[in-house]
Structure formats: structure tokens, C-alpha cells
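Here the structure is laid out as C-alpha cells; the discussion comes afterwards.
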Amino acid sequence: IVVLILGVPLMVVSMMHDCSLISPIWLGSAREMTGMNHDMPAFYNLWPWLFGLMATPVVFYSGRDFLRGAWVNLKHGSANMDTLISLGSLTAYGFSLAVLLFKLSGHVYFETAAMIVALILVGKYLEAQAKSATSSAIRALINLQPPTARVLRGGVEVEMAVAEVRAGEIVVVRPGEKIPFDGVVT
204 IVVLILGVPL
214 MVVSMMHDCS
224 LISPIWLGSA
234 REMTGMNHDM
244 PAFYNLWPWL
254 FGLMATPVVF
264 YSGRDFLRGA
274 WVNLKHGSAN
284 MDTLISLGSL
294 TAYGFSLAVL
304 LFKLSGHVYF
314 ETAAMIVALI
324 LVGKYLEAQA
334 KSATSSAIRA
344 LINLQPPTAR
354 VLRGGVEVEM
364 AVAEVRAGEI
374 VVVRPGEKIP
384 FDGVVT
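Going by the numbering used here, the first residue of the sequence shown is number 204, and it counts up by one from there.
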């Protein structure tokens, strides 16, 4: 929900800003703004600060499981996918924060930090949905198995619970009935 509320609008507005579809909102006094142009450090533009504000909950709240996982792996001297996700998002976030705080010239990548987390979370959500659907389909298939089977014992058909049928017995299946077992058709 945080990713949808903050991450998606962050990406859209950031791309609009990068394509000059929205104007910079310059910060500072009139004396400081004299002669400013789009090449001024991001520090003087309100948009990158807003992008940082929007990206912070996405990276540190929505991505907290990745950050925790990366920290645990780092303590054990190993790496996994959490490490890669954390490294990518924290690098983009940290670089952008440095550009703002130290008044450096350069682009900020807060939207990249947020989108790394967002895309992985969306992928995990889709994977969970697919697993759930597969589990439901398997349960439905299991429920199709009839509870009883008609077995031929001593020339007489006997109806019994499926669990009581032994391997090698002949099961009688009439037209329209469900087949209770895998086997060889005689």
C-alpha cells in the first residue's frame, strides 16, 4: 500500500520533472535566485526534497525486510537477493541524499531507490498469488477423488473406503463414475 501510495506517484512526478514537464520550484531568497537556471544544484529545487520525502517510507518501511535480510547476511559474511536489493536502493538513496545535503550538482535518484523496492515487492506479490492459485487448484483436484471404491473380491463387488483398497485389487468403475486410483485398465 505504501508503495502504491508513494512509489508510483513518485515515479510519475519524477519522470515529469526529468522531462521538464513540470518546472523547478526554486528555494531561497531573491538574491540567491538571481540568474538561477536548471543547472543549479538540486538543493535549491523543492522537487528533489519532495522526492526524498516520498522515497524514504518506501525504502525504509516497505523495504525493511530486504534491509534486515541483507544485514543478517552481512553479519554472516554472505550475500543473497536481499543484499542486492538493499545495495541498489541504498546506493541510489544515499547518493541522492548526498547531492541534496552537500549542495552538489547532479541528478537525484530517489525514484530509482523506491522503484527497486517497489518492483521486487510487486514480483513477490504476484508470486504469492500464483502459489495460492496453484495450491487451490491442487486442493480442488484432490477433492475430486471419490471417497469410496467398488472392489471385486471373490467375484463379488464390495464398496469400501478408498484407504482400504490394496494394491493389485480390481476396482470396478461404472460409466459416469470418477476413477478413484491410477492403475491399469483391464
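Quick reminder that beta carbons are idealized off the backbone N, C-alpha and C, glycines included.
Am I right that residue i and residue j are in contact with their C-beta atoms under 8 Å? What's the rounded C-beta distance?
i      : j      : result
VAL325 : ARG353 : Going by Cβ atoms, the distance from VAL325 to ARG353 rounds to 50 Å, so no, they are not a contact pair.
VAL365 : PRO349 : 7 Å
SER289 : PHE269 : 5 Å
MET318 : GLY231 : Incorrect: roughly 30 Å between the Cβ atoms, too far for contact.
VAL205 : PRO260 : 5 Å
Around the C-beta of residue i, are 16 or more other C-beta atoms found within 10 angstroms, so that it is buried, or is it exposed?
i      : result
MET257 : buried
HIS220 : buried
VAL359 : exposed
ALA292 : Residue identity check: residue 292 is Ser in the sequence provided, not Ala. When all chains shown are included, SER292 counts as buried.
ASN346 : exposed
TRP250 : buried
ALA370 : exposed
ILE382 : exposed
So what does DSSP say about residue i, is it helix, strand or coil?
i      : result
ILE323 : helix
MET243 : coil
VAL311 : coil
ARG353 : strand
GLU372 : coil
ASN346 : helix
ASN160 : Outside the shown range of the chain, which is 204 to 389, sits residue 160, and nothing can be said about it.
ALA364 : strand
VAL215 : helix
* **Validate contact between the segment 212-232 and the segment 270-289 using beta carbons, cut 8 Å, 3 pairs** => no
* Asked: Okay, do the segment 333-340 and the segment 304-319 touch, 3+ Cβ pairs below 8 Å being the bar?
  -> no
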